[in-house]
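Numbering (the numbering used here), first residue to last: 658 to 749.
Have a look at this one:
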């Protein structure tokens with residue numbers, strides 16, 4: 658099992674799809690975490706990390722993001738990403 662293996666690739670079937678994503682992370686030194694929400698368009702870039710892989714997608718053109726989030730794009734684990742129009746999620 659290689660937990661560090663990474664593969665970034667382009668998936669044209671998801672490029673441009675408007676999505677919402679719900680995610681979060683731990684706060685170092687605390688027992689609590691933070692929930693964050695994003696809305697934007699998928700770039701088409703995917704990242705598979707580890708074996709078995711965690712699958713991530715890149716969201717850009719962010720129209721909803723945390724107030725202090727300054728990056729132009731965010732990577733989100735695909736099980737927390739949902740098409741805004743209610744269409745089925747295209748899996749790799």
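C-beta atoms are modelled at their ideal positions from N, C-alpha and C, and glycine is treated no differently.
Residue from 719, 704 and 685 with nearest C-alpha to residue 694:
Position 37 of the chain shown, counted from the start, is the residue given in the question as residue 694. Per the Cα distances, 719.
Give a yes or no on whether the C-beta atoms belonging to residue 714 and residue 741 are separated by under 7 Å.
If you number the chain shown from 1, residue 714 lands on position 57. If you number the chain shown from 1, residue 741 lands on position 84. Result no, Cβ atoms of residue 714 and residue 741 do not sit closer than 7 Å.
Please confirm whether residue 712 and residue 735 have their CB atoms less than 7 Å apart.
In the chain shown, the residue the question calls residue 712 occupies position 55. In the chain shown, the residue the question calls residue 735 occupies position 78. In this structure, residue 735 lies closer than 7 Å to residue 712 by Cβ.
Does the Cβ-Cβ distance between residue 708 and residue 662 come in under 7 Å?
Numbered from its first residue, the chain shown carries residue 708 at position 51. Numbered from its first residue, the chain shown carries residue 662 at position 5. A contact, by the Cβ cut-off of 7 Å.
Can you list the beta strand (DSSP E) stretches of 3 or more residues lying completely in the region 675-700, in chain order?
675-683, all fully within the region 675-700.
Here's the rule: buried if 16 or more other CB atoms are within 10 angstroms of the residue's CB, otherwise exposed. What is residue 743?
As a working note, residue 743 is residue 86 in the chain shown. Residue 743 is exposed by the Cβ-count criterion.
Apart from the five residues just before and just after residue 685, which ones in its own chain have a Cβ nearer than 7 Å to its Cβ?
Indexing the chain shown from 1 puts residue 685 at position 28. None.
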